[in-house]
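Data first, discussion second: the structure below is written as structure tokens.
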Amino acid sequence: MPVFPPAFSGQLHELFRWRRDVRHFRRDPVPESVLEGLLATACLAPSVGLSEPWRFVRVDDPDRRAAVRADFSQCNADALSSRAGSEARRYASLKLAGLDDAPHHIAVLSHPDPEQGRGLGRATMPQTTTWSTVMAIHTFWLAATAAGVGVGWVSIINPGHIRTILDVDPALELVAYLCVGYPAGQAPTPELERRGWERRAPERREWVRR
Ligand SMILES: Cc1cc2nc3c(=O)[nH]c(=O)nc-3n(C[C@H](O)[C@H](O)[C@H](O)COP(=O)(O)O)c2cc1C
């Protein structure tokens with residue numbers, strides 16, 4: 001195993017600090033070799049029973065992308081209509097997708113009961129397959145940040161509709177719809193914090209002890 005020098009830990013912390021949920025993208029594509037590398041790194045993530053339940057789906061077809069965009073618009077309008085007054089105005093001012101500019105769309109699905117892993121670790125906690133897929137997504141996100149590539153996680157969508165649009169096995173669970181591309185800007189704080197929607201809570205950085 002390589003020895004990671006102390007300076008590396010500092011740089012790694014900077015990577016965690018600068019990883020952003022990106023909503024503003026340049027339109028130029030990320031080279032295929034870079035995307036392949038990100039997928040390979042994502043697959044180094046841990047998974048329950050070594051089940052590797054994740055399925056990364058590249059969404060390239062313009063019609064499917066347009067259908068996903070329309071689904072987001074509908075879900076976002078529904079979310080907006082459930083809010084009132086100044087809260088609704090603030091919600092409407094947020095950029096919550098990034099689907100139009102991002103050159104790459106990647107849906108991440110999860111197999112709820114894969115043969116791989118032979119059921120190990122899932123009997124009492126079946127959700128562990130989903131969590132394994134989330135770990136792969138986070139690994140992808142961090143590797144992308146290190147490569148200067150931005151990732152935005154879109155969850156204001158109807159998972160059943162998206163599965164139909166993508167024509168994937170209905171047994172697969174949609175975990176994430178990712179917008180991927182070079183970011184149009186960089187910031188060391190979440191956009192939602194900069195826009196006054198929410199802030200990081202210092203109390204979350206304290207242990208709960210029992
Ligand atoms: C599971 C998950 C779903 C998310 N869905 C959305 C979304 O639909 N729209 C959005 O604008 N941001 C979404 N985000 C991004 C969060 O708003 C963002 O991670 C958070 O504000 C912290 O910002 P940062 O990632 O830049 O640190 C999602 C993040 C996660 C982890």
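In UniProt numbering, the protein residues as written are 1 to 210. Just so you know, even glycine gets a beta-carbon here, dropped at the ideal spot from N, CA and C. The model shown is predicted, which means the values in this text are computed figures rather than measured ones.
Check, Outcome
"Beta-carbon proximity of THR130 to ALA45, cut-off 8 angstroms", "no"
"Cβ neighbour criterion (16 or more within 10 Å) applied to THR111", "Rather than Thr, the amino acid found at residue 111 in this sequence is His. With 16 or more Cβ atoms within 10 Å of its Cβ, HIS111 is classed as buried."
"Cβ neighbours of ALA187 in the same chain (closer than 8 angstroms, five flanking residues each side left out)", "ARG20 and ARG194"
"Ligand 1 heavy atom lying under 7 angstroms from the CB of HIS106", "For the sequence presented, residue 106 should be read as Ile rather than His. Checking the Cβ of ILE106 against ligand 1 gives no."
"Same chain only: Cβ atoms within 7 angstroms of PRO159, ignoring 5 sequence neighbours per side", "LEU174"
"Residues that SER110 bridges to, as DSSP identifies them", "TRP54 and GLU173"
"Ligand 2 heavy atom lying under 7 angstroms from the CB of TRP131", "This structure lacks ligand 2; its bound ligands are ligand 1."
"heavy atom of ligand 1 below 7 angstroms from VAL154 C-beta", "yes"
"As assigned by DSSP and simplified to three states, the class of TRP131", "helix"
"Strand pairing of PRO183, partner residues [DSSP]", "PHE25"
"heavy atom of ligand 1 below 7 angstroms from ASP28 C-beta", "no"
"Outcome for THR124 when other beta-carbon atoms lying within 10 angstroms are tallied against a minimum of 16", "exposed"
"Short Cβ contact (8 angstroms threshold) for CYS179 with GLY152", "yes"
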